[in-house]
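Asks:
In my numbering, the protein residues as written are 65 to 639.
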């Protein structure tokens, strides 16, 4: 019965360890699962932030593009502010991902390693205690069986001695021998009893310690370990929420920034900007005068400078072989957007004035930069002169000479553009001026009105019936006007320029920002980067510019001082 009861206890204890082992393993798997969940959330935040940043970058205005020019409008600036706030908003999602990784994923991963090691240690101690109590029980059982065997052997030896002592036929020596054997067996039985008693006492102590101290302590440690695990998961879940909550104030500021940007939109200001941007400076046409062709009235026809239909009607009667160029300047479409004459004469007066002023401002900025460099180099030269060991003062002179030449060139450009600006501002009408034409077409008509009138008179004299031929006079007037308009010349100049041959190569020794199509800065120039190799198609003719070509379609002027020119035959094939 005792053995059965002990077996049941051990089996129960073993079953409890198995149950605890399964439960704690399930707890570890739960922590791993939660860690994986947070990790995937972090990856989602990173990808989301990346996509938001790419979206913001995609819709940022491109440098030197029409979108960048439109930033003067409040709606475009508001959209740009929204994109910037959206970029900051994406940054907060990156902060969420970083905090989730550092505060939860890394901590739980480290804790899982510690948890697995602690769990393994506790179950190892439990198995060791179980093995020890089982070993003590086996020793007790062995001593008990040995005691039982020795007692039986002692009884048999005693019975054998008593039979030998009662038998008269047995010698005294045999009886003595049987007596000694019985005494020895009784002594062995006594020793076995003592050993069994000692093992029993020891086992009872160990069993009491096992069931009342060791196993409860191990179970207690496993319970505390499990409670710490649950508490750790709870703290991680709380941190998970706090990570989001921490960025909410900044996210709110981003959203407030978007709202403020939207509220900053001013439709009237934008519409005024459009008016200011496209204001031509033309005065509206005056009233059309009445021309009487009744009996007794003069048949002399003069050119009306106040009729919009004048040029249209005359243009209709032009031969079909050519394009009509008789439209007023405000209604002419500019076919050369982003390019045109250096003096911007292809633009309306007001737009031309703005372009010229912008060029002058840019030149003045360039002059200031050169002056700053000159001042810095002058100071450096002074330091070298006072402290020759720091450098050679003569080494600064070439650069000073180059800067002086650059300033002189830029100042000459400023004077040239200021002359054009003065010309435009002199022609621009003031508000008190009477309405008059500013178009080059009508100025040409006015300057040639006398000639046209004389031609009309000659036509009347040469006509067989002495009558006035309106069609001939009108056609002659349109021909004269169109032949003197710049657009007429531009039409026949397109496509006449031949590709210049390559006369050498050059290497850019400085970076140069050339023509930008939208702003119109540095018209006719080409951008180069330091170390870039180009073809030379025209030498410097003394104006400080060399004409180069990058490929068959891209060519322009660069400052001669910015490149190192190699004029030698067959350069193109070796480049």
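Where is the CB? At the ideal position from N, CA and C, for every residue including glycine.
Among 576, 437, 117, 158, whose alpha-carbon lies nearest the alpha-carbon of residue 593?
Replies: Here residue 593 refers to the residue found at position 529 of the chain shown. Selected option, being the one with the closest Cα: 576.
Asks: Relative to the C-alpha of residue 94, which residue among 164, 179, 277 is closest?
Replies: On the chain shown, residue 94 is found 30 positions in, with the first residue counted as 1. Minimum Cα distance to residue 94 is reached at 179.
Asks: DSSP on residue 527, reduced to helix/strand/coil?
Replies: In the chain shown, the residue the question calls residue 527 occupies position 463. Bear in mind that the predicted position of residue 527 carries a pLDDT of just 39, short of 50, making it too unreliable to give a figure here.
Asks: Which runs of the beta strand (DSSP E) fall wholly inside the stretch 147–190 and span at least 3 residues, in chain order?
Replies: If we require 3 residues or more, the stretch 147–190 turns out to have no beta strand (DSSP E) run fully inside it.
Asks: Looking only at C-alpha atoms, which of 151, 620, 631, 140 sits nearest to residue 318?
Replies: Position 254 of the chain shown, counting from 1, holds the residue named residue 318. Checking every option, the nearest Cα to that of residue 318 belongs to 151.
Asks: Hey, quick one: how far does the alpha helix (DSSP H) through residue 599 stretch, first residue to last?
Replies: Within the chain shown, the letter at position 535 stands for residue 599. Taken as a continuous stretch (DSSP letters only), residue 599 belongs to no alpha helix (DSSP H), being part of the beta strand (DSSP E) at 597–602.
Asks: Could you give the residue range of the alpha helix (DSSP H) that holds residue 20?
Replies: Residue coverage of the chain in this structure runs from 65 to 639, which leaves residue 20 outside it and unanswerable.
Asks: Bridge partners of residue 565, per DSSP?
Replies: Start at 1 with the first residue of the chain shown, and residue 565 comes out as number 501. DSSP output for residue 565 lists no bridge partner at all.
Asks: Which residues bound the alpha helix (DSSP H) around residue 243?
Replies: Along the chain shown, one-based indexing puts residue 243 at 179. Unbroken alpha helix (DSSP H) run through residue 243: 236–273.
Asks: Is the CB-CB distance between residue 457 and residue 448 below 8 Å?
Replies: Residue numbering aside, residue 457 sits at position 393 when the chain shown is read from its first letter. Residue numbering aside, residue 448 sits at position 384 when the chain shown is read from its first letter. Cβ distance < 8 Å, so residue 457 and residue 448 count as in contact.
Asks: Do residue 431 and residue 471 have their CB atoms nearer than 8 Å?
Replies: To locate residue 431, count along the chain shown from 1; it is residue 367. To locate residue 471, count along the chain shown from 1; it is residue 407. Against a cut-off of 8 Å, the Cβ pair of residue 471 and residue 431 comes out as a contact.
Asks: I want to know whether the stretch 149–166 touches the stretch 318–331 - three or more CB-CB distances under 8 Å.
Replies: With a cut-off of 8 Å, the stretch 318–331 and the stretch 149–166 count as touching, because enough Cβ pairs lie within range.
Asks: Tell me the rounded alpha-carbon separation between residue 298 and residue 198.
Replies: On the chain shown, residue 298 is found 234 positions in, with the first residue counted as 1. On the chain shown, residue 198 is found 134 positions in, with the first residue counted as 1. So the alpha carbons of these two residues sit roughly 40 Å apart.
Asks: Looking at C-alpha atoms only, which residue of 138, 263, 573, 578 is the closest neighbour of residue 331?
Replies: Counted from its first residue, the chain shown places residue 331 at position 267. Among 138, 263, 573, 578, the Cα nearest to that of residue 331 belongs to 138.
Asks: Applying the criterion that 16 or more other CB atoms from any shown protein chain within 10 Å of the CB defines a buried residue, is residue 108 buried or exposed?
Replies: Counted from its first residue, the chain shown places residue 108 at position 44. Classification for residue 108: exposed.
Asks: Grouping DSSP H, G and I as helix and E and B as strand, with all else coil, what is residue 534?
Replies: For the purposes of this step, residue 534 is taken as the residue at position 470 of the chain shown. Confidence at residue 534 is low in this model, with a pLDDT of 39, below 50, so its placement is unreliable and no value can be given for it.
Asks: Give the single residue among 588, 82, 605, 113 whose Cα lies nearest to the Cα of residue 315.
Replies: The residue labelled residue 315 in the question sits at position 251 within the chain shown. The shortest C-alpha separation from residue 315 is found at 113.
Asks: Look up residue 628 in the DSSP assignment and say whether it is helix, strand or coil.
Replies: On the chain shown, residue 628 is found 564 positions in, with the first residue counted as 1. Correct three-state label for residue 628: strand.
Asks: Considering only C-alpha positions, which residue in the set 127, 602, 613, 165 is nearest to residue 105?
Replies: The count along the chain shown starts at 1 and reaches residue 105 at position 41. The option with the nearest alpha carbon to residue 105 is 165.
Asks: Residues in the same chain with beta-carbon distance under 6 Å from residue 312, minus the five sequence neighbours each way, listed in chain order, please.
Replies: For the purposes of this step, residue 312 is taken as the residue at position 248 of the chain shown. Once the five neighbours on either side are set aside, residue 312 has no close Cβ partner at all.
Asks: Could you check if residue 631 is buried or exposed, using at least 16 other CB atoms within 10 Å of its CB as the buried criterion?
Replies: Taking the chain shown and counting its residues from 1, one reaches residue 631 at position 567. Classification for residue 631: exposed.
Asks: Could you spell out where the alpha helix (DSSP H) holding residue 303 opens and where it closes?
Replies: Working through the chain shown from its first residue, we reach residue 303 at position 239. Residues 279–327.
Asks: Could you compute how far the alpha carbon of residue 610 sits from the alpha carbon of residue 473?
Replies: As a first step, residue 610 is located in the chain shown; it is residue number 546 there, counting from the start. As a first step, residue 473 is located in the chain shown; it is residue number 409 there, counting from the start. Rounded to the nearest angstrom, the two C-alpha atoms are 14 Å apart.
Asks: Quick check on residue 127: does DSSP put it in helix, strand or coil?
Replies: As a position in the chain shown, residue 127 is number 63, starting the count at 1. In this structure, residue 127 counts as coil in the three-state DSSP scheme.
Asks: From residue 306 to residue 102, what distance separates their C-alpha atoms?
Replies: Counted from its first residue, the chain shown places residue 306 at position 242. Counted from its first residue, the chain shown places residue 102 at position 38. For residue 306 and residue 102, the distance between alpha carbons rounds to 13 Å.
Asks: Which residues in the same chain as residue 250 place their Cβ atom closer than 8 Å to its Cβ, once the five residues preceding and following it in sequence are excluded?
Replies: One-based indexing of the chain shown puts residue 250 at position 186. Around residue 250: 218, 221, 222.
Asks: Give every residue of the same chain whose Cβ lies closer than 7 Å to the Cβ of residue 264, excluding the five residues on either side of it in the sequence, and list them in chain order.
Replies: By 1-based counting over the chain shown, the position of residue 264 is 200. So the list reads 204, once near-sequence residues are dropped.
Asks: Do you know offhand how far residue 270's Cα is from residue 167's?
Replies: For the purposes of this step, residue 270 is taken as the residue at position 206 of the chain shown. For the purposes of this step, residue 167 is taken as the residue at position 103 of the chain shown. Their Cα atoms are separated by approximately 46 Å.
Asks: For the ligand NAD, any of its heavy atoms closer than 7 Å to the Cβ of residue 188?
Replies: You won't find the ligand NAD in this model; it holds no ligand whatsoever.
Asks: Could you give the residue range of the beta strand (DSSP E) that holds residue 621?
Replies: Taking the first residue of the chain shown as position 1, residue 621 is located at position 557. Here the beta strand (DSSP E) through residue 621 covers 619–623.
Asks: How far does the beta strand (DSSP E) with residue 612 in it reach, from first residue to last?
Replies: Residue mapping note: residue 612 aligns to position 548 of the chain shown, counting from 1. First-last of the beta strand (DSSP E) with residue 612: 609–613.
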